[in-house]
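Visitor:
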């Protein structure tokens, strides 16, 4: 019979059935649609599509493994909304009669980071006043193979010292993530000043001077201190020494 709806009436001697509706259905394809990557904490729709004629809303056996482990029966062309608060992989298998379809969806997070970070001040990154780039990682620390933009560009060069706010953004497998980050831009003098700070036993005045320079971007006084210290150290190193008997 051609795929269609039929009404069947069965008679056997004095016995007869009431009219029975039956269907002859042709199955063309079954497909599971799920995003390959979903941000942790967000729900995502998993669509189960059956291409059949005539459309009957046939039952689909659905097996979920990984993030959750469940087996259920859903109706063809149904949609499930699932979300998870942890890093995990969800393996999806749908089957009906002779048709099978599979998909996998990962719940993870795209963490955004700035390259060229040389330290932190009160929890905020310290970056040198040079061209910087950024990158993204999954929760397990592995790098995301996608370009992270800084203020819309693949690279960014700060124009001034002191605090600035930059916007990091990434798009990977259809998932976009964006974050604004406050950073402190510092000059290379910072390293020299930190070395002197350690050599002198962390004096409070110099520590406060460096902190103020980081916050306001004015490194004039720190530069003077570094230059004077280096000059005095050079003089001490090259001063002649005398030995004798008195």
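Numbering (my numbering), first residue to last: 1 to 246.
For glycine and all other residues, C-beta sits at the position ideal for the given N, C-alpha and C.
1) Going by the beta-carbon positions, is the gap between residue 136 and residue 112 smaller than 8 Å?
2) Looking at C-alpha atoms only, which residue of 194, 93 and 201 is the closest neighbour of residue 210?
3) For residue 40, name the three-state secondary structure that DSSP assigns.
4) Count the other C-beta atoms from every protein chain shown that fall within 10 angstroms of the C-beta of residue 144, then say buried if there are 16 or more, exposed otherwise.
5) Return the CA-CA distance between residue 106 and residue 24, expressed in angstroms with no decimal places.
6) Whole angstroms is fine: what's the gap from residue 95's alpha carbon to residue 58's?
7) Going by C-alpha distance, which of 219, 41 and 180 is nearest residue 162?
8) Could you pull out every unbroken alpha helix (DSSP H) segment of at least 4 residues lying fully inside the segment 146-180, listed in chain order?
9) Select from 62, 180 and 186 the residue whose C-alpha is nearest the C-alpha of residue 216.
10) Can you round the beta-carbon distance between residue 164 and residue 183 to whole angstroms, since I take them to be within the 8 Å contact cut?
11) What first and last residue would you give for the beta strand (DSSP E) that runs through residue 79?
12) By the three-class DSSP mapping on this structure, what secondary structure does residue 10 have?
13) Among all the DSSP beta bridges, which residues are the ones paired with residue 232?
Guide: According to the structure data:
1) Yes; because the gap between Cβ atoms is below 8 Å, this pair is in contact.
2) Closest option to residue 210, Cα to Cα, is 194.
3) Residue 40: coil per DSSP, three-state reduction.
4) Around the beta carbon of residue 144, a 10 Å sphere encloses 16 or more other beta carbons of the protein chains shown; the residue is thus reported as buried.
5) Using only the alpha carbons, I get a separation of about 38 Å.
6) Cα to Cα, residue 95 sits roughly 11 Å from residue 58.
7) With distances taken between Cα atoms, residue 162 lies closest to 219.
8) Listed in chain order, nothing qualifies, since the segment 146-180 has no complete alpha helix (DSSP H) run of 4 or more residues.
9) The shortest Cα separation from residue 216 among 62, 180 and 186 belongs to 186.
10) Residue 164 to residue 183, Cβ: 6 Å. Contact.
11) Judged by DSSP secondary structure, residue 79 falls within the beta strand (DSSP E) whose first and last residues are 79-83.
12) Three-state DSSP puts residue 10 in coil, outside helix and strand.
13) According to DSSP, which records beta bridges pairwise, residue 232 is partnered with nothing at all.
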